[in-house]
Amino acid sequence: MTRHRNSPAAKANARVHKRAKTVMQAMLSMKCLTDIVSLQDLDESALDEALLGYMEKLRVSSEHRARAAKRIFRQRKRWSDFSAKLTDRQFRRYFRMSRECFYLLCRRIEENVGEKAFKSEVFLDNLKYTRDPNLVRMSKLMRAHENTTGGFISGEIKLALTLRLLAGGSYLDLSLLFECGSSTAYEIFHKVIREWICSKDKPLVNINGKDFIDDEERMAAVALEFARSSAGLFSGCIGAIDGWVVKIKKPSQRDNVGNVASFYSRKGFYGLNVVVICDRKKRILYRVINSRGAEHDSTAFKNSSLYRKLMDDCDRLLEKGFHFIGDSAYAIRSFLLTPFDNAVHGTPEDNFNFFHSSSRICIECTFGEVDLRWGILWSPLKFSLRNNIKVIDACLMLHNFIVDHRESLGENVSSMERDVFDDDCRRFMASQTGIYSVGVHGGDADERRYLLCWSPWWRWGGDRAETRRTLLMQVKACVRRYAIT
């Protein structure tokens with residue numbers, strides 16, 4: 004006997020099959036294929052519960068899809084609007100340089116890496132309407148992400164974020180300030196340092212002491228600045244050398260450094276011993292950053308490539324009348340002068356030490372200026388050892404860039420005062436020694452004559468086998484000869 008389709012039993016059975024079909028479709032849409040097999044054993048109430056549960060999941064997923072499909076309009080903060088709100092004093096306090104120096108730095112980096120890699124704000128504004136076939140793809144990508152992620156981050160914001168982090172800012176504060184994630188700020192910081200400032204191909208500033216000692220004109224210019232600062236008494240100096248221990252966190256096993264205790268300095272913290280040579284204007288001429296904190300300053304310098312090059316031809320600087328100066332931590336060499344030990348007050352040796360320390364103080368001022376400007380160095384660096392070296396190198400390069408910019412702004416003033424100061428130096432030297440007369444100024448030629456006429460008064464002869472005692476006795480004899488009291 005066949006059951007009529009309009010009978011109550013047939014209608015109940017149809018409802019059960021309909022619900023089961025709906026639940027199966029819901030499970031298929033939710034990719035829950037493993038639960039379909041068990042549906043045939045469920046009764047009507049169990050099917051109702053399963054249907055309600057999976058329908059709720061479908062409703063939630065549909066809401067997520069609708070929310071994702073809805074366009075979210077976001078506008079990233081523009082650098083021009085942000086910088087316009089800052090006064091010149093606030094700008095310098097935030098980014099540790101003047102507004103003019105910042106834009107000069109932007110232009111320098113854009114020239115080195117290219118406008119496509121730097122992505123300045125003007126470049127991004129023009130990119131929307133470009134017809135350049137080489138930039139069409141980048142323009143489409145920018146328009147696709149403009150309303151979701153806010154578009155590309157301009158090069159000015161990336162550089163400002165890096166400078167603020169070097170000045171001592173935190174990732175969380177800068178992510179709110181420039182409207183980006185903290186992980187994005189971290190990535191931008193290391194990318195700017197690695198590819199823009201400390202690039203191997205085109206670094207921001209070339210700090211290579213090995214090339215410096217091959218350039219006689221540059222060495223003569225540096226020696227002239229040291230001679231001016233000591234009224235001509237301390238000539239031939241082409242740089243002051245010293246070591247500086249920068250705090251870092253304890254190296255981890257990932258750094259593969261071997262003996263971790265070798266990074267623990269005598270000052271009571273883990274660090275890197277940075278050997279620096281600078282000129283009188285606090286411009287860094289050479290640096291070595293990879294020495295461990297427990298190494299002595301002289302040991303760190305001996306492990307440098309510059310020391311090996313000087314030792315291979317140690318008399319080259321001596322023949323040209325040039326030398327470096329360092330404190331008593333270094334051993335005296337034909338290319339490196341150190342102060343007298345246990346000099347008695349009022350003696351020629353003590354007078355030599357006075358002018359020696361007065362000329363050497365520029366390296367201490369350099370360390371103080373770098374440390375005071377970049378607040379990231381106030382506490383231990385918490386990156387990997389490789390990134391710590393990059394961060395320190397970036398601080399030194401930016402310091403050099405600021406010094407060069409500072410000198411370019413004061414070029415007209417210094418050229419006006421130079422002749423008056425040279426006259427004072429010559430008159431003082433003529434009254435003290437009687438061998439240096441006031442001459443007629445002749446620009447650069449006169450400066451070269453200034454160096455050639457006043458040769459270093461501690462010149463000594465001999466070869467590399469001379470001992471420290473012989474060198475000291477010859478220096479003392481030269482000091483007594485000119486009777487500098």
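Mapped onto our numbering, the consecutive letters of the sequence shown carry residue numbers 4 to 488.
The beta-carbon is built from N, C-alpha and C at its ideal position, and this holds for glycine as well.
Span separating the alpha-carbon of S10 from that of L55
Cα-Cα distance, rounded: 27 Å.
Using the three-state DSSP reduction, which class does Y273 fall into: helix, strand or coil?
In this structure, Y273 counts as strand in the three-state DSSP scheme.
Those runs of the alpha helix (DSSP H) which lie wholly inside the region 147 to 206 and span at least 4 residues:
158 to 169, 174 to 180 and 185 to 194
The alpha helix (DSSP H) with I364 in it runs from where to where?
P351 to R376
Buried or exposed: which applies to D84, given that a residue is buried once 16 or more other Cβ atoms fall within 10 Å of its Cβ?
exposed
Residue span of the alpha helix (DSSP H) that contains A303, given as start and end:
Looking at the DSSP string, the run of the alpha helix (DSSP H) that includes A303 is D300 to K305.
Thinking G242 and D204 are a contact (beta carbons under 8 Å), I'd like their distance in whole angstroms, please.
In fact, because the Cβ distance is near 26 Å, the residues do not count as touching under 8 Å.
Can you give me the Cβ contacts of L399 inside the same chain, cut-off strictly under 6 Å, excluding the 5 residues immediately before and after it?
I287 and R290
Classify I364 as buried or exposed, calling it buried when 16 or more other Cβ atoms lie within 10 Å of its own Cβ.
exposed
Cα separation between E3 and S86?
The first residue shown for the chain is 4 and the last is 488, placing residue 3 beyond what the model contains.
For S294, which residues does DSSP report across the bridge?
N276
Rounded separation between Y57 and A12 - CA only
27 Å
Cutting at 6 Å between CB atoms, please list the residues of its own chain near S360, excluding the five before and the five after it.
Excluding residues within five positions, none has a Cβ falling inside 6 Å.
Residues of its chain near I244, where Cβ-Cβ distance is below 6 Å and the 5 sequence neighbours each way are ignored
If we look at I244 and ignore the five residues flanking it on each side, its Cβ neighbours are I280, F327 and G329.
Do you know offhand how far W247's Cα is from W377's?
15 Å
C-alpha distance - T165 paired with R257, whole-angstrom precision:
25 Å
Between the beta-carbon of K385 and the beta-carbon of K252, is there less than 7 Å?
yes
Run through DSSP, which three-state label would L89 get?
coil
Around the C-beta of S232, are 16 or more other C-beta atoms found within 10 angstroms, so that it is buried, or is it exposed?
Buried, by the Cβ-count rule.
In chain order, what residues of the same chain have a beta carbon less than 7 Å from the beta carbon of F568, not counting five sequence neighbours either side?
Missing from the structure shown is residue 568; the chain here goes from 4 to 488 and no further.
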